[in-house]
Each structure stands twice: as structure tokens, then as C-alpha cells.
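Student:
Chains as they are written, first to last, in our numbering: chain A, 1 to 283; chain B, 1 to 368; chain C, 1 to 281; chain D, 1 to 574.
#1: Since residue 200/A meets chain D, which of its residues come closer than 8 Å, beta carbon to beta carbon?
#2: Mind the definition here: the stretch 403-421 of chain D touches the stretch 269-284 of chain D only if three or more C-beta pairs lie below 8 Å; say whether that holds.
#3: Could you check whether residue 140/C and residue 231/C sit closer than 9 Å to each other, using their CB atoms as the reference points?
#4: Under 6 Å Cβ to Cβ from residue 157/A, same chain only, skipping five residues before and after it: list those, please.
#5: How many Å lie between residue 267/C and residue 211/C at the Cα?
#6: Closer than 9 Å, CB to CB, is residue 32/D near chain A or not?
#7: Counting along the chain, where does the alpha helix (DSSP H) carrying residue 163/C start and finish?
#8: Skipping 5 residues on each side, what residues in its chain have a beta carbon closer than 8 Å to that of residue 15/D?
#9: Residue 293/B touches chain C at which residues, Cβ-Cβ below 7 Å?
#10: Go through its chain and collect everything with a Cβ distance to residue 195/A's Cβ below 6 Å, but skip five positions before and after it.
#11: Does residue 276/A come out as helix, strand or coil in the three-state DSSP assignment?
#12: From residue 434/D to residue 167/B, what does the alpha carbon distance come to, in whole angstroms?
#13: For residue 467/D, count the other beta carbons within 10 Å of its own beta carbon; 16 or more makes it buried, fewer makes it exposed. Which is it?
#14: Output the distance between the C-alpha atoms of residue 112/D and residue 207/D, rounded to the nearest integer angstrom.
#15: Starting from residue 357/D and walking both ways along the alpha helix (DSSP H), at which residues does that stretch end?
#16: When DSSP labels each residue in this structure, what does residue 103/C get in the three-state scheme?
#17: Which residues in the same chain as residue 155/B place their Cβ atom closer than 7 Å to its Cβ, once the five residues preceding and following it in sequence are excluded?
#18: Where does the unbroken alpha helix (DSSP H) through residue 227/B begin, and where does it stop?
#19: Do you know offhand how far residue 535/D's Cα is from residue 425/D's?
#20: Here's the rule: buried if 16 or more other CB atoms are within 10 angstroms of the residue's CB, otherwise exposed. What is residue 251/A?
#21: Rounded to the nearest angstrom, what separates residue 126/C and residue 262/B at their Cα positions?
#22: Given this structure, state the Cα-to-Cα distance separating residue 475/D from residue 178/B, to the nearest angstrom.
#23: Report the option in 339/B, 323/B, 334/B whose CA atom is closest to the CA atom of residue 188/C.
#24: Spell out whether any CB of chain D is found under 9 Å from the CB atom of residue 178/A.
#25: Just to confirm before moving on: does the CB-CB distance between residue 19/D and residue 124/D stay below 9 Å?
#26: Sort out for me which residues DSSP pairs residue 142/A with in a bridge.
#27: What residues of chain D sit near residue 232/A, judged by a beta carbon separation below 7 Å?
#28: Can you look up residue 201/C in the DSSP assignment and give me helix, strand or coil?
#29: Step through the CB atoms of chain D and report whether any lies within less than 9 Å of the CB of residue 238/A.
#30: How far does the beta strand (DSSP E) with residue 544/D in it extend, from its first residue to its last?
#31: Please confirm if residue 473/D has its CB atom under 9 Å from at least one CB of chain B.
#32: Does any residue of chain D have a CB that is nearer than 9 Å to the CB of residue 81/B?
#33: List, in order along the chain, the chain F residues whose C-beta lies closer than 9 Å to that of residue 277/A?
#34: Roughly how many angstroms lie between the CA atoms of residue 555/D and residue 486/D, to the nearest whole one?
#35: Cβ of residue 15/A less than 9 Å from any chain D Cβ?
#36: Between the Cα of residue 276/A and those of 254/B, 125/B, 135/B, spot the shortest distance and give me the residue it belongs to.
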């Protein structure tokens, strides 16, 4: 009886608004929310971002051709070789040497065109860009420590003195400011669960694991405000773990850094050791 | 062969039962937590034991001041003091103290949601030092301290509605997100949080008062924003002397004029920077310090509309150096301050170039 | 500004619909709807008195009358060791304060005279007054802010007595109390404001009062359940007049050096005794 | 082992229909079990799509019943639970029993000419262990402090007490363990049965490819399920007994700690073969059905078998591509990239053989044939998009976005599901003695196939546009808000897809009891399962058959013009 009572309101919903309501809701509400629709990831703002674009579209072309071939080879028999009176399939086990050779050749050629080509480019990309983490000793490199937590990004930059663990370290939450045209190098770890630092406009993503330090980098080439997202399920507020990445022109950045450092040292409480979490940068 | 298989089945069922029973034992206090530094071994067990209504019933007997026992109520056991409850009970020293009966089911539900959603920062026992709270400044609220910064009430404690509003809006620039939870869930969590007050403090203190958020009322400067900003600037650097803690957004010269100080008066060094202040908020027993925000730089936590700012300034920020201003200066000056601060935020925050030029202008002028 | 599309109108209406459908979230009234707390609930308890033990003996306390107080306890507090050099306080954040302390200002937390007498020690009877109930004086205790300092720096008052904080300075202060057992408050007091009345409902010895705007400004308030308390003078001396005959525990607390060891005395009618407290760094 | 010792047919209801040791009954049990769970998992998917299209809007019809505390709105925790359980249910409780449990139990003994599985009791135990796993998994939804919400991958430390304090996660791990145990029991049974119980003349190269697929799947099951089993046991130890295998020292205030990455390795050593565990039987079915309905021998039988064996072997060494962003060393990353690419070679061989089988055939476009051909389409789409993810350069951006969701749904979910549908439509007449409605079947096919392709193709666009997966509400982030229209479109297509399954349910139930009685061999196919009567008698074959030819002797000229097929028990003329 109580079960029935619990169900009844749902049924009332059914009676009063019938199917039209949920459907109308679904079709309209969120179309309107998305005022400016987007179909791609937008312009890349990092120097290696173009590599994703190039490789992606290269693969897309290759894959499209391959898939078109599959569909074609699927469609022709369907249209041509349908069962009809008097029609009989050709008998072919594909056992002949010719067939075996054909199989081998086609597979290997497909592999070379589809995979090996992409593979070579990808390895090149990795070595030249994604995994070419800049030297932390280089003064050009802007270093950032990331301490992820449920559900926020803690960033720490060394400030004007260029050293971590000092009073002028710039600590920000969910907001990162970096200089344009300088490599930004990350050392990342987490307080609790695995997160992933995802900068979509920079085409950068790397997991942030508790218990070990992960490294990654990018070099912004466009000034402006960008997005920081979390790309590894980190609990139920995962979707809210976003932040803002601000890329400033070099001159403006230096000013910003000086000011941020000064404010940081004003806010620094040397006795509050619990608040200090910088670590050594090891190569 | 068949016999052995049945035995295997029985054994696996038994093992399963054992595992589940290990987890569902309610005998121990789920708040019990090993001292910090002891490995997870000890803590894991207690983490997993979820309290049931029975648990609360037991607690009510052992801790009568936390949970009242009411034989007339259907559930037998219920809630604790909430001075805003509709069901008044006793009169203490001329003030009405109210009690609200909260069912153990709601407490249980509240605790579950608290553990699931809040405990990673606020700690399992609400001490404000969960795993994700390490190194975090400002610190998450400890519900054993019962001080709340941004509830915008003048009284000691916020009402349920005020807390709910805060949780729903979140605190900008902190891991306190705007939580997508339903009102029912939030109210249950809030009831549970109240029960975390230590004896004679917070919601378990008969002298505590619960207030509504500062009433916004009408903005006296609604149509004359420019004048409001000018007046706000005067109050900020004059009667209210906000620049003692927050940055002054004027040159020394201008400050002398605003404060009608004689020529040659010297103000604090770093006038254009905020000054670090003590707070009452503790981590591991040690009070932390809090930086008054530079409105052109830092993110404000509790909203940047004029009304939000008015409420925050009027009520002050509990536990920090920011005092209650309501009553200390006239409301229209509070509104003027709100307008001025809002103007600072709109004009300079998130615009590094503009802000840089503005601050440089202040600092470069003459005798700063 | 675009005109709202049909879609947006639909959302709005659907939101309203869902909002209407989503009611029923308010908490249910307690069964019976009546008062919820029964015997054993904290509501029926008298407000607890913290600290110095005011619990009543079975016989029940009787009202205190001044005629019973014939004994006098006097004494002194001293600091062992060297006299610490006064610490200069920089008041440059507020030129008004600098102006009022043109001779320079020193930190007033430790004031020791040449013979070692320690000023601003709060001395009170912490035990032995259970036999009486005391009426709380109606006149408030005054804590003035003058010259960017609290005057007096240490005050004592009875539980429930009002603390009136007034601002005689031409500048703004905020009165921030840091109690552990009482309600904390932090209210600003611009120049010319009317005095603030702060209530402390539980006894608590040495509640800090600070002004966050002028970080050097500090005061201490001792709140006790009986009228037997005193603050040591510049030479470290104090007097507790009008004690009744009996056995008492007397405690002394200093804001920097903390508690001195308690002393138990037995005093007879009309007697005068003297005790001394020694603090160390 | 092909002894003629036959137990009498059980007579009690319990022995006959519940605790039966007959492989046919167990196959039906697995089928019903799997279909019910596919339904539950599907409804969960519908709820997920509802939330994504209408963030924060109450679920219509049954929302208030399921989420009373939020008056019908899926809250973020429930959302996480839903997608975790959707994944777990679909893989472990839906496809595994329906594909491997039901299909394997049904077709292996029948197709190899055996009277039952070699270990009938183990077979029954396998089913009931899975039921127990399902029950524990289902119960985990209702325990205090919340159901599991760490994703079907259950990465620590989110799945340890650090991230999930509730018992749901523990029960989830136990459920996965139990289901794994069931799969191992099944796997051992299948392997031994195929090795030992093949009837005379059924040598390895005469096995139907379905059996090959199931055989290789079973090998993977037996090899790799123990790995996830151990991972789950360790997880339970960490959760319940306070060990720290997966919890690093840095987050537990001292002591010695473990490493959460250990779990990822363990999980994916199993997890990647799991993809092939689900897809290999589907491949086998597709190989066979294409040949059956194109009335043409399976092109390159040996090459197909070789390709499937190669995939089986390689599947164990490519798992690292799931962890490209985890922080693998550059050397490992590149090696895994290369290996992953190499696994596409056998897949290409299979595609080539499938397409060649169809070429110049005599196509009967029945429902099972349509589903089998659609596997080529969806697996082609899914497999080819795998290249983006195998390539680290593109994976860095696409990892953990909807691109991945689209990819793996097409490869392992849609392909395996359509393979299952093909198998169900194909064997239904033999199983239940009645024909399924072809008209409804084709309707079901088109209404499933088109929306399914739309759903997952839109996901490719969303993923390319940078939409991360496992987000409760994409409109809460400015960057993702302009992608909401994609979510809405996906959801609309997904609801159509979901609704189309009602046709299947109707068709299945109606045909099961009220369908047209099936002839002995409606599809005119020569494998051994079609040589027995319909319904299949107790112990399948009165006498153990003797195989004379391969399974795909279609349109063999020696058969003469009147017929284009021959039973495997018959000798080819001439």
C-alpha cells in the first residue's frame, strides 16, 4: 500500500503532463542554454597545440578513407549479391596462395598507411614536444607546483626569488597565471585521490597522482584567459573542479609576479608550518 | 564432486557474510578516530561503520546534552538545541531558547551526507582538518569551533536558511564549491553539523543567539552611484579607516585630505598593501592568520554584488579582524562602502594592466 | 539584448513546473507538535558555570552581606629574575596614535617595578565562596580606549556584569574579544561612538580583548563568580578587603606569565593576612 | 570422455529449472539473467543521459521513487553511482552472461557434438556465483554511506577509504570478484570441454568460428580474471583491514605506503583483455553468421583463427595505452603505442576476411545477418577511432573525454551487444523452439543501429571539442557550456535507442511463448547444433555424431544445383 502511495505521484505526473512535458523539456531547455554552440576544441593556445590538430586531422582523413572503403565493400554485396532465384554464391574458402598473399599484403599495407605513418609522427611529437620537458634550471622556465585535492587546484609558483619554499611563493587556488612564450613546467601531486590537470586550449593533460610527482609542461603562445579542468574522476564534485588559466604578456607578467610575490610575503606566516607544502625539484 | 561444490558455496557465502558483518557493526562510536600519525589500520575500521538510528539512540542515552530524549515523541529519541525551532520549550534568563526535535532518521541521513560530501575537507568528526584540508589556507571551518565567516548574520550563529544559502552559493576561490544538493539533504547535513558543537558552545550553548542574515533593505544610493562611490571612498579612508587593514586606494596626499590630517602626516608603510591579521580559526590547535583582501586583487568569498558587500560589511566576518560595522556607522555609509568596494572590483580586478597602472600611480606619487 | 526565444520561455515555464513539483522539503513537525525535550534535556539544566566551581552544597548557599566581610587579604605579586627592558611599540599604522603617544609608546604587557613587583596580575578567590550567593553589581565595569591603549589594561568583573567599552580616542577601534567559554564578539567603534556593552555569562579568567586595527592594543578581563578579585598595582600589591572568615584558594594570573601556583589560606574574622605570588619567565 | 553414461533427466522443478546442471538450461538462465541486467544497465544509461541533457531536472516517471531526498533530481553522488554501476553491470552482469555465459553454454556442447559441458556442476556453480555477484552488486546500491561511485575502473585512492567511505565500494569489489570467479569457472569448463569433448572428426580446423571465439575468450578469462580478482582482494584488504597497498604514505600521515598506480596496472592487465573477452565471441559469431547467411564459406578460415589467436596473445601486452597520461615512462609509452598499433593487424585480417566472405555471396538479409553485418560497421568505426587513442599525441587531449566513451562503446559495448543480438536471433529457434518475428526483428535492428551510431558519433565530436567524461553537469563550466547542444542531441538519440529495445523485449517475450513453432533447421545451416531435433532433447545427441566436413561448406559446387548447404555430419559428395 505504501509502495502504491509512493508510486502514485509519479503516475500523476504521467497523467497531467504525459509525454509532451519531458520531451519538450529535454529538447528545449538545454538547446537554449547553449547560446553559442561549439563543435571543436577551439584555437590551440600552446606552441605544441598545432600538433594535436595536425595529427588529429591526418588520422581523420586516413580513417575516413579506410572506413569509406569498409562501408563500400559492405554496401556492394548488400546491393548486388542479395539472394534471388537462380543466384548462387561463389564458392571460395580463400585458401589459395593468392588469397593468403592478398590478405597479408592488404593488412600490412593498411598497417603501414594507417598506423605506422601516424606512429612515426606521434613519436616525433612526443620527443619534440609533449615529453620534452624543459630544464627546470633554465631561468626561462616558469615552474609551477600543483597540489590537487578534492576538489580544487592549489598552485604554487616560486615568486620573484625563483625559489620554492620561501615567503614570496605565489599560492593560488583554482587560478594560475603564467607568462606568454615561456615554457611552463609543472610538478604535480595530490593530497587525496587521482586527478588530472587538463588544459584544453593548451592541449595538455596529465594525471596528478597522490604519492608521486608527475611532470608535464606547455608553452603558451596566446595571451588571455583559459580553462583548467580535471580529467580524472575524483569524487562526486569532479565536474566542479575547474579553474582559470591566465596567460599574460611577458612585461605585464613580470609586474604581476612582483606584485603577487609582495602580497604573498605580506600574507606569509612563518610559524604556520602546516601551511607550507613546497618540495624539491628533482630532475 | 557435487558435495564439495556445495561446501565451497557455503564457505564463500560465509566469508561474504563475515566481510559484510565486519562493516555493519554499529557498536562503536563512528566518531572515534585514531590520533594523527597512526596508520590507516586503526582508522579504516571506524570509517566504515555507519551509524544507524540505533546508534543515535545509544548516543542519546550516553550524551544527554547532545541529544534530547523525549519519551512522548514517536521515535523516542531526537535532536538538540536549535534556537530557531518552532517548538519552544524553555525560558532562560528572559530569553527564549528554542528546541527543535529532529528525528534520528534525519540525523542519520545528515551524517551520511556529511561523511560523503563534507568530510574530505571538514574531517570525519567535523574538526575542519580532513585529508584534503592539509596545507589549505584559509582553513575549512571546524564545526567544533562553531564560527562561520560569511553567513552574514549579526548574531553568533546563522539560521538554517543562512547556512543553506552559503552552502548552495559556495565560497568563491576556495574548495568550498556551490554544492548541487537538494534542500532536504542540506537541511539534514546542517542538523548534523549542529550536533557537532562541543558542550556549551555553538548550538549547544543556551546563550548563543541565532540570527537571520542582515536585512538588505533599500539601497539609498541606487540612482546616484557616482556619489555613493565618492562617499564610500571618504568613509573607507576616513571614519571607518578600512585602510588600516585593507590597502588604501589613495596616495598619502589624498589620504591627508580625506582624513583632514595636517601636512606631513605619515601613514603606515605599504599603505597600498593589506596587513596580515590574526584570526580565531585554528588548525591542529594553532590559530592561523588571515589576509584582509585587496579588492583589486583577491577574490571575495561571499559575493560581489552591492547587496552582498553591504551584508558582509555590516555583519563583519566572524572570527577574523573584520568587525561588525552595523550600528557603528550609519547604514547609508555602509551602502556607500559597498558601492565603493564594488567599483574597485569592477574597475580593477582581473584586469592586470589597468590595475597595475592604477597601483603604480598611487605608489609613484610623491611621498609614498 | 535578444528577445527571449520560444525555447527560453519554455525553459522558464518548465522550471516553474519543476519547482512546484519539488516541494515538500520542509522538515516535518515533531509528532504531537508539542515541546520536544523531556527530563534530562539540557533545557532544564541551569546554565552551567564553568571553571571556578560554583556548584551548590546540599545545604544551599545564603545571600552574601557585606557585614560578613571583616577579614582582609593583601599581598603582592613579583617577577623573578631581571627586570625586562620595555619593548617599544611602533604605532605608525595610525598617525593619530603616534600623535597621542608623542613620547613614544612601550608595550604594556609586562610592567615590573625596580623591586620586582609585577603589575596587572589578576588575583581572585577561586574556591571557598560556595556558601554564599552574590548579587551582581548593576554598574558596568569600564574599559576605556584612550591614547590607542586600553585603560585599565586588566579589569575584573563578576559573571553577568556588563563590560562597558568606550572609545575616547579620535580614531576608530574595533573591540574583539577572544573568550573560550563565552560568546566572542568583534564590533567596530569609530571615534565618537557610544560605548559598547559586552556581557560575559560564564566565569572565565582572562579573556583577551584586542583591537585588530591597532595590533598592539590588548586588554584582559577576568570574570569570576564572586566579588573577591583584584588587579595588582604598579608595585605589585593588591588587597582583597571584606573577606568572610573561612578557607579560600586564591589564584593569580598574568597575561604573559600565566598562572602562579595557587595558595590556600584560612582566615578568621577581622584578621588581616598577606600572601605573595611569584611569577617566573 | 565421450562416454555414453547418461544420467536420467531430472524431474523436480528445482533440479530441472533452478539448480539444473544441463548446459541448455544454464544457457537460458544466463540469457535471462544477462538480459534483465542489460535492461537495468540500460535504464541507468537513460538516467545518465537525462541528467546530462537536463542538468538538475527531476527524472520523469520514476525519479521521485528512486531519488526521494532530491525530489527526483539525480544528485552528483547518485550520478557517479549510476555511471559506475552502468559500466559494471553492462560489462560484468549484462554482456558477460549474455554473450559468454548464454552463448558459450548453448553453442559449445551443441556445436562440438557433446552431450554436456565436461564439468556440469561447475557450470551450475558458475551461474549461481554470478547470481550471487549480481545480488551483492545490487545490494551495494542500498548500503549506508553510499553506493560505489569511483567509476567502473574503481581507481584507488578514490575507491579506497580515502575517497569512498561507504560500504558500497567494498561490496562492489566483492561483486566483481564473485563475477570474476564465475567467469573463471566458466572459462575452465569451456576450455576443457572444447579440448576434450569434441566429437569424432571434429578436429580443430573444423570447429565453427563461434567456438573458436569462445575458446579463446575462455583462455583470456582464465588467464586475466585472476588478476582483477587479486586487485579486488587487495582493494578489499585496503578498505576493510587497513592495509595500504594502494594508499601512498604521503596521504596517510606516515607509515609505509603503497602506490595507487599498482592498481591501474593490475586493472588494465585484466581490463584490456576484457575488451577482447567481450569481442572475441562476437567476432566468432560474426565470422560464422556472415558465412551462413552469405551462403558462402568463411573466407580465410585459418587466417581468421590465426588473427583471433594473435589478438588473444597481443591483448595481454597492449594494456598500457589506458595509462598514457598516468605518467608512464617515455620508453614504456612508446612501446605500448607500437604494440597497440600492431594489434590492428589481426583486426585488419578479420575485416578483410569478413568483407571477402560477403563478396559475391548470396546474401540472406535476415535479422541475425543484419546484426552481424552491423558489427562490421560499428566495430570498424570503433576500431578505427582507436587509432586516435593509441597515438599518444592525440590521446593526451582525447584521454578521458567523450571521445573515449564513444570509442569503447562502439568497440566493446555496441559490437558485443549487436553480436549478442545476432546470436540471440540466430539461436532463438533452437533454444526455445519458436521463431522470433523477423518483421519486429528488422524494425528493432534499424531502430537500434541508426540511433546507436548517432549517439556515439556525436560523442566523438564532444570528445574532440574537449568535453571530459564523468561530469555531472557540463553546463557548470564556461568552456563546456557551448557543447551542451551535443549532449542534448546525444540524449535524444540515446532515448530512441533505449526505446527501440522495448521492441526487442516485446518480440522476445511474445516469441518465447506465442511464437511460431520453429522447424529443426530454419536457417539451413550445417553445424552440429542444427542436426538435433527442436527442442533439443536431454543430452543433446542420441548418439554422438561423427563429423565429416567443415562448418562452412556453402554453395559448394559438388553439392549440385538443388541445395547449397550440407550438415557437418554428412560427407561431401565426390
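All C-beta atoms, glycine included, are put in the ideal place defined by N, C-alpha and C.
Tutor: Quick answer:
#1: Counted from its first residue, the first chain places residue 200/A at position 200. Under the 8 Å cutoff, chain D gives 397, 466, 479.
#2: yes
#3: Here residue 231/C corresponds to residue number 231 of the third chain, with the count starting at 1. Here residue 140/C corresponds to residue number 140 of the third chain, with the count starting at 1. For residue 231/C and residue 140/C, no; Cβs fall outside 9 Å.
#4: Walking along the first chain from the start, residue 157/A turns up at place 157. Within the same chain, residue 157/A has close Cβ partners 144, 170.
#5: To locate residue 267/C, count along the third chain from 1; it is residue 267. To locate residue 211/C, count along the third chain from 1; it is residue 211. When rounded, the distance between both Cα atoms is 41 Å.
#6: The residue labelled residue 32/D in the question sits at position 32 within the fourth chain. No, residue 32/D does not count as interfacial toward chain A.
#7: Sequence index remark: in the third chain, residue 163/C carries index 163 (1-based). Boundaries for residue 163/C: no alpha helix (DSSP H) harbours it, while the beta strand (DSSP E) harbouring it runs 162-167, taken from the DSSP string.
#8: As a first step, residue 15/D is located in the fourth chain; it is residue number 15 there, counting from the start. Answer for residue 15/D: no residue qualifies.
#9: Here the question's residue 293/B lines up with position 293 in the second chain. Going along chain C, no residue has its Cβ under 7 Å from residue 293/B, so there is no contact; the nearest lies around 15 Å.
#10: On the first chain, position 195 is the one that residue 195/A refers to. Taken in chain order, the residues that qualify are 148, 208, 230, 232, 234.
#11: Along the first chain, read from residue 1 onward, the residue named residue 276/A stands at position 276. DSSP places residue 276/A in coil when its eight states are reduced to three.
#12: The sequence position of residue 434/D within the fourth chain is 434, counting from 1. The sequence position of residue 167/B within the second chain is 167, counting from 1. Roughly 60 Å separates the two Cα atoms.
#13: In the fourth chain, counting from the first residue as 1, residue 467/D sits at position 467. By the neighbour-count criterion, in which a residue is buried when 16 or more other Cβ atoms sit within 10 angstroms of its Cβ, residue 467/D is buried.
#14: Your numbering for residue 112/D matches position 112 in the fourth chain. Your numbering for residue 207/D matches position 207 in the fourth chain. Whole-angstrom Cα-Cα distance: 7 Å.
#15: One-based indexing of the fourth chain puts residue 357/D at position 357. From DSSP, the alpha helix (DSSP H) with residue 357/D extends over 344-358.
#16: For the purposes of this step, residue 103/C is taken as the residue at position 103 of the third chain. In the structure shown, residue 103/C adopts coil according to DSSP, grouped into three states.
#17: To locate residue 155/B, count along the second chain from 1; it is residue 155. The answer, listed in chain order, is 209, 210, 211.
#18: Taking the second chain and counting its residues from 1, the one referred to as residue 227/B is at position 227. Where residue 227/B is concerned, the enclosing alpha helix (DSSP H) stretches over 225-237.
#19: For the purposes of this step, residue 535/D is identified with residue 535 of the fourth chain, where counting begins at 1. For the purposes of this step, residue 425/D is identified with residue 425 of the fourth chain, where counting begins at 1. Their Cα atoms are separated by approximately 16 Å.
#20: Against the first chain, residue 251/A aligns to sequence position 251. It is exposed - the Cβ of residue 251/A has fewer than 16 other Cβ atoms within 10 Å.
#21: One-based indexing of the third chain puts residue 126/C at position 126. One-based indexing of the second chain puts residue 262/B at position 262. Roughly 51 Å between the two C-alpha positions.
#22: Here the question's residue 475/D lines up with position 475 in the fourth chain. Here the question's residue 178/B lines up with position 178 in the second chain. Whole-angstrom Cα-Cα distance: 14 Å.
#23: Residue mapping note: residue 188/C aligns to position 188 of the third chain, counting from 1. Out of 339/B, 323/B, 334/B, 323/B has the C-alpha closest to the C-alpha of residue 188/C.
#24: If you number the first chain from 1, residue 178/A lands on position 178. No, residue 178/A does not count as interfacial toward chain D.
#25: In the fourth chain, the residue the question calls residue 19/D occupies position 19. In the fourth chain, the residue the question calls residue 124/D occupies position 124. Closer than 9 Å, so yes.
#26: Here residue 142/A is taken as the residue at index 142 of the first chain, counted from 1. Looking at the DSSP assignment, residue 142/A forms a beta bridge with 184/A.
#27: Looking up residue 232/A in the first chain gives position 232. Residue 232/A reaches chain D at 400, counting residues in chain order whose Cβ is nearer than 7 Å.
#28: On the third chain, position 201 is the one that residue 201/C refers to. Coil at residue 201/C, not helix or strand.
#29: Along the first chain, read from residue 1 onward, the residue named residue 238/A stands at position 238. Closer than 9 Å: yes.
#30: Your numbering for residue 544/D matches position 544 in the fourth chain. Segment: none, residue 544/D is in no beta strand (DSSP E) and carries neither H nor E.
#31: Counted from its first residue, the fourth chain places residue 473/D at position 473. Chain B contact via Cβ: present.
#32: Numbered from 1 along the second chain, position 81 holds the residue referred to as residue 81/B. Interpretation of residue 81/B is limited by its pLDDT of 35, a score under 50 that renders its predicted location unreliable; the figure taken from the coordinates is listed afterwards. For residue 81/B, the answer is no, since every Cβ of chain D falls outside 9 Å of its Cβ.
#33: This model lacks chain F altogether, as its protein chains are A, B, C and D.
#34: The count along the fourth chain starts at 1 and reaches residue 555/D at position 555. The count along the fourth chain starts at 1 and reaches residue 486/D at position 486. Approximately 48 Å, taken between the alpha carbons.
#35: Residue numbering aside, residue 15/A sits at position 15 when the first chain is read from its first letter. Unreliable positioning characterises residue 15/A in this predicted model, as indicated by a pLDDT of 41, which lies under 50. A coordinate reading is not provided.
#36: Against the first chain, residue 276/A aligns to sequence position 276. Closest option to residue 276/A, Cα to Cα, is 135/B.
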